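First up is the structure itself, then whatever we jot down about it.
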Amino acid sequence: MRLVKVSETINFMKLRTITMVLSAVLLIGSVVSLAVNSLNWGLDFTGGTLIEVGYDKPANLSEIRTTLNGADFEDAIVQNFGSSEAVLIRIAPREGVKSAQIGNQVVSALRSSGDNVEMRRIEFVGPNVGEELTEQGGLAMLVALLCILVYVAMRFEWRFALGSVSALAHDVLLTLGLFSVLQIEFDLTVLAAVLAVIGYSLNDTIVVCDRIRENFRKIRKGGPTEIVNISLTQTLNRTIITSLTTVLVLVALFYKGGALIHGFATALLFGVVIGTYSSIYVASSVALALGISKEDLMPPQVEKEGADLDPMP
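Under my numbering, the first residue of the sequence shown carries the number 13, and numbering increases by one thereafter.
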């Protein structure tokens, strides 16, 4: 199936300098934002109290937020949970106040407005657990990148390996930068989405690298840049179909999935778009900048047994 019919090779690498400058600017902006604003860590990482309450009618989230603001819970995060009658409330940790006390205060404040409110559950996430999750999450991403570097270096060539890992690091940093700039809550679901972005971007990059290697061996004429353009043009339809079908699902999750997975859908949506871009312009551009050539990708010559023996007289 071809969505786009291409009769001539598209000169993707013509924009290589512009895209590399654009990526560098975005990366610097992401790093600066992460250093200045940091991430808006969710309760999974910071610790705090999670309270689930039930109403006998559809809950008005705006009124609940107003009520909690008046009860000195300005930092409360309020969202529906499963149905319009169930509400999930997240509150940051408070010094000297136990989780049970916070839960009782929240329910009392909600009942003061005349609503019939039922306490369904209350959970406390300690800051020590949050710190451990932060450390393990960062370690998981680092190990994933290192394993990918080793795999691609063994499977293809070290220049492709550096290009692939550069693309993955580019995608992760820009995704984290987006969450830092917009101050979207970063919780475990978003961390899972970031790891999924690594997998998606790697898959796209491996397909491109494989086609480039194949064409380096098959096409006799043409320089490295021309062969890369041919390979990217050949994989264009596959890239469009894969990205488009993934984006359609994520758009549905973004608008209909509810507040609990809003951050997850946001990270994946942005990651798919930026991952498609990086597999074309970051991974390929880095490999070209490192001097990839036909000689690097040609299979080694295997000498036949007895070829070095003197011929019989």
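C-beta: ideal position from N, C-alpha, C; glycine also. If you're wondering where the values come from, they're calculated on a predicted model, not measured in any experiment.
How about residue i and residue j: are their beta carbons less than 8 Å apart?
i, j, result
"Gly189", "Ser50", "no"
"Ile101", "Ile63", "yes"
"Ser96", "Ala112", "no"
"Arg132", "Gly66", "yes"
"Ala104", "Gly54", "no"
"Thr254", "Met25", "no"
"Thr21", "Thr247", "no"
"Val240", "Leu300", "yes"
"Met412", "Val206", "Missing from the structure shown is residue 412; the chain here goes from 13 to 325 and no further."
"Glu197", "Gly275", "yes"
"Gly269", "Thr187", "no"
Taking buried to mean at least 16 other C-beta atoms within 10 Å of its own C-beta, is residue i buried or exposed?
i, result
"Arg229", "exposed"
"Cys221", "buried"
"Val48", "exposed"
"Ile114", "buried"
"Leu256", "exposed"
"Ile231", "exposed"
"Asn23", "exposed"
"Glu86", "exposed"
"Thr29", "exposed"
"Val202", "buried"
"Ala277", "buried"
Can you list, in chain order, the residues of its chain with a C-beta nearer than 7 Å to that of residue i? Leave out the 5 residues immediately preceding and following it.
i, result
"Ala179", "Ser213, Thr217, Ser290, Ser291, Val294 and Ala295"
"Gly287", "Asp183, Val209, Tyr212, Ser213 and Asp216"
"Leu321", "Below a pLDDT of 50, predicted positions are generally treated as unreliable, and Leu321, at 49, falls in that range; no measurement from the model is reported."
"Ala173", "Leu161, Val164 and Ala165"
For a test of the three-state rule: what should DSSP assign to residue i, helix, strand or coil?
i, result
"Gly189", "helix"
"Gly60", "strand"
"Gln148", "helix"
"Ala98", "strand"
"Arg232", "coil"
"Phe136", "strand"
"Phe85", "coil"
"Gly66", "strand"
"Phe276", "helix"
"Phe24", "helix"
"Phe172", "helix"
"Asn116", "helix"
What does a CB cutoff of less than 6 Å around residue i pick up in its chain, not counting 5 residues either side in sequence?
i, result
"Asp68", "Asn128"
"Glu130", "Gly66"
What whole-angstrom Cβ distance do residue i and residue j have, given they're in contact under 8 Å?
i, j, result
"Ile160", "Val177", "6 Å"
"Phe168", "Arg225", "6 Å"
Enumerate in chain order the residues of its own chain whose CB-to-CB distance from residue i is below 8 Å, with the five nearest sequence positions on each side excluded.
i, result
"Ser125", "Glu75 and Thr79"
"Gly82", "Ala121"
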